[in-house]
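Heads up, the thing below is written out as structure tokens.
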Amino acid sequence: MTTNKIEIKDLTVNYIENKKSFNALHDVSFGVGKGEFVSVIGASGCGKSTLLSVLEGLYTPAGGSVQIDGKELHGTGTERGVVFQHYSLFPWMTTRKNIEFGIKQSRHDIKRSERAKIADEFLTKVGLTGFGSKYPSQLSGGMQQRAAIARALAMDTEILLMDEPFSAIDAKNRVILQDLLLKLWEGDGTEERKTVVFVTHDIDEAILLSDKIVVLTAHPGTVNEVVNVPFDRPRRREELVKTDEYGKFRNKLMSLLYNDIAERIGGDEVVL
Amino acid sequence: MTFAKRYLHLSHLLFIVLLLIQLLPDKSTKDVFTSSLITFAVAFEVIVLAASAFIKKEEGLSLLLDISGFIFVVLTLWSLATAKFNILNDLLFPAPGKVIHQFAEDSDKIYTNIKSSLGTTLKGFLIAVAVAVPLGLFIGWSARIGSAATYITKFFSSIPPIVYIPYGIALLPTFKSVSVFVIFLATFWPVFAGTMSGVLGVDKKIIDSAKVLNVSKPEMLFRVILPASLQQIFLGCNQGLSVSFILLTSAEMIGARDGMGYYVKYYSDFGDYTRTITGLLVIGFVVIAVTFLFNKLQNRLLRWKR
Chain E
0 MTTNKIEIKD
10 LTVNYIENKK
20 SFNALHDVSF
30 GVGKGEFVSV
40 IGASGCGKST
50 LLSVLEGLYT
60 PAGGSVQIDG
70 KELHGTGTER
80 GVVFQHYSLF
90 PWMTTRKNIE
100 FGIKQSRHDI
110 KRSERAKIAD
120 EFLTKVGLTG
130 FGSKYPSQLS
140 GGMQQRAAIA
150 RALAMDTEIL
160 LMDEPFSAID
170 AKNRVILQDL
180 LLKLWEGDGT
190 EERKTVVFVT
200 HDIDEAILLS
210 DKIVVLTAHP
220 GTVNEVVNVP
230 FDRPRRREEL
240 VKTDEYGKFR
250 NKLMSLLYND
260 IAERIGGDEV
270 VL
Chain S
0 MTFAKRYLHL
10 SHLLFIVLLL
20 IQLLPDKSTK
30 DVFTSSLITF
40 AVAFEVIVLA
50 ASAFIKKEEG
60 LSLLLDISGF
70 IFVVLTLWSL
80 ATAKFNILND
90 LLFPAPGKVI
100 HQFAEDSDKI
110 YTNIKSSLGT
120 TLKGFLIAVA
130 VAVPLGLFIG
140 WSARIGSAAT
150 YITKFFSSIP
160 PIVYIPYGIA
170 LLPTFKSVSV
180 FVIFLATFWP
190 VFAGTMSGVL
200 GVDKKIIDSA
210 KVLNVSKPEM
220 LFRVILPASL
230 QQIFLGCNQG
240 LSVSFILLTS
250 AEMIGARDGM
260 GYYVKYYSDF
270 GDYTRTITGL
280 LVIGFVVIAV
290 TFLFNKLQNR
300 LLRWKR
């Protein structure tokens, strides 16, 4: 038997658009170990977000299976916390109420009176102390994503699914948020790390955060290669990017991503 | 804000002009109740001055003063054209003091009529909202693909509700219930249509993020879809409310025994145009007050939108 937390096997997803069915994902298989941080990267349209929708339970695959703890996945569930690119938070609830709502949905053991206190604790963890009574529209995009992460963490799920959470954030804040997520996820080693599936198109983001990177190829989306990230933790961006290994590893991923494009446009080599 | 900005305004000069005009001799042969006009103008000016001491926003203050200035100009011109120079027919155009006096004299009667009118409107309006919103949520949510309901609603909401009045009179026992029924119809369709279009327009991303939180069906409808479509619902409510007033006053003029529409119709039949104008002005103020309160409620409930 497998010991993976999430086991994806021969996953096939068909999209129906304008009465034509096309193959978004084809025979995708990989596993995510317990406490592992796995990124899924690929060019846009490769089906990486579709893959995450299946894991979220929002999309039913045409074939194959997804198992969590050895059990077949059926629909949505609050054992998985989700952070989307947009609208993770309800705009009509304050950030505190949003987090309280998440806690109410996933942690039935928590009393109503304790929810606000927990919400504030997690707001502090993501650097949003004092922003509990603000509405999402009163926060910047980066702060909204911080609050979304706070909610996902406050829900205390074993699995975290993140769908390009930082793609819409400006470059400077994206770096800050990546470092924050890295710090929160790595923790101080006393707590068990969460199992994360993180979708992105940013190679550096994937390397910094992940234990393992799944490279998808488009049309139809298939797994090109699953690469282990050979860098020790805890990672610090400043030290990591200076090493030669980082450059080499980054180039390897680049070629995995772009060879595929070269093949598709018919040339032997693509100069980037 | 400086003292000058707060208290030096053309409006106050216009107030003084209005008072000075009253020193002119009256040409009208009828009693023009100049003292009532002066009492009103002074009371109004006092309220404006008191308010300008408290208003914090500069735009709010200048808006108030512009409006009060406009009112003083109207009263001055009205006073000149009627009481002072008697240019207009004094049967059809009563002097401002007379209208104000009439209002004070009839205040009990006017109060009962307003209460009756507002009671009828509120009943029809609230019942319509209470039925239309949940129904719109259910149908809009279950018919997210087929939009037949939208077309059916378009058909029914295109019938001017006023034409239901004769049929309503045949159907229902009292004239009051006819008014409530017609206001119900006038509010129901726009609110129902607004709710459905709100539901159909809810961003799929919001629904997805609710789904991954495993919300129950009632929660999905009332804690997610309802607030997400609230703006559209309010659009429908606003439309319903403004049509309601038109319908109510028309209905009251047709056959009611009380209400502000009845008041205006009744006295104009007797040629009592002082009361007619008093009634018209009162209706204007009541509608503005209700609309103002309704907008306050709307802004409060939609405060999370930027």
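Chains E and S, in that order, are what the protein sequence lines are. Counting from 0, one number per residue, gives the positions in the first sequence under numbering that gives the first Met the number 0. Counting from 0, one number per residue, gives the positions in the second sequence under numbering that gives the first Met the number 0. Positions of the beta carbon are idealized from the N, C-alpha and C atoms, including for glycine. These numbers come from a predicted model, not from an experiment.
Check	Outcome
Spatial distance of S:L90 from S:I158 (CA atoms)	40 Å
C-alpha gap between S:G270 and S:F92, whole angstroms	11 Å
Buried versus exposed, by CB contacts within 10 Å (16 or more), E:H25	buried
Partner residues on chain S for E:Y86, Cβ-Cβ distance less than 7 Å	D202, K204, I205 and S208
Chain E within 8 Å of S:N213, Cβ atoms only	yes
Distance between S:Q21 and S:I66 (C-alpha atoms, nearest Å)	21 Å
Exposure label - E:M253; buried when at least 16 CB within 10 Å	exposed
Within-8 Å CB hit, S:W140 to chain E	no
Cα-Cα separation between E:V269 and E:L256, rounded to whole angstroms	Note that E:V269 scores 47 on pLDDT, short of 50, meaning its location in the model is unreliable; the coordinates nonetheless yield the value given after this. Near 12 Å, if we compare the C-alpha coordinates of E:L256 and E:V269.
Residues in the region 124 to 135 of chain E having any Cβ partner in chain S nearer than 7 Å	Y134
Three or more C-beta pairs below 8 Å linking the region 119 to 136 of chain E and the region 160 to 169 of chain E	no
S:V263 beta carbon less than 8 Å from that of S:L279	yes
Partner residues on chain S for E:Q144, Cβ-Cβ distance less than 8 Å	Within 8 Å Cβ-Cβ: nothing; E:Q144 doesn't reach chain S, min ~13 Å.
Every unbroken alpha helix (DSSP H) inside the region 86 to 111 of chain E [4 residues or more]	94 to 105
Chain-ordered chain S contacts of E:T77 [CB-CB under 7 Å]	L212 and N213
Cβ of S:P226 within 8 Å of any chain E Cβ	yes
Which of helix, strand or coil DSSP assigns to E:Q66	strand
Proximity of E:R111 and E:V125 at Cβ, strictly below 8 Å	no
Alpha-carbon to alpha-carbon, S:F124 and E:H218	55 Å
Interface partners of E:L57 on chain S, CB under 9 Å	D207, K210 and V211
Cβ neighbour criterion (16 or more within 10 Å) applied to S:K114	exposed
Nearest-angstrom Cα separation, counted from E:T2 out to E:K70	12 Å
S:L13 versus E:L138 - alpha carbon distance	46 Å
Continuous alpha helix (DSSP H) stretch holding S:N237: start and end	L229 to G254
Close Cβ partners of S:G135 (< 6 Å) along its chain, the five nearest in sequence each way excluded	F191, T194 and M195
The region 235 to 244 of chain E touching the region 1 to 12 of chain S, judged by at least three CB pairs closer than 8 Å	no
First through last residue of the beta strand (DSSP E) which encompasses E:R79	R79 to V82
Anticipated Cβ contact below 8 Å, E:W184 with E:V198, distance rounded	About 15 Å separates the two Cβ atoms, so there is no contact after all.
Residue of S:H11, S:R305, S:S51 and S:T120 minimising C-alpha distance to S:S178	S:T120
Short CB-CB distance (under 8 Å) between S:R305 and chain E	yes
The region 36 to 52 of chain E contacting the region 94 to 103 of chain E, beta-carbon criterion three pairs below 8 Å	no
S:M0 burial status per 10 Å Cβ neighbour count (16 or more: buried)	exposed
Any beta strand (DSSP E) of 3 or more consecutive residues that is wholly inside the region 156 to 221 of chain E	158 to 162, 194 to 199 and 211 to 216
Close-in-space but distant-in-sequence residues of the same chain around S:I253 (CB under 7 Å, 5 per side omitted)	I164
Residue range of the alpha helix (DSSP H) that includes E:E238	R236 to K241
Alpha-carbon to alpha-carbon, E:V53 and E:N152	Residue 152 of chain E is actually Leu in this sequence, not Asn. In a straight line, the C-alpha of E:L152 is about 21 Å away from that of E:V53.
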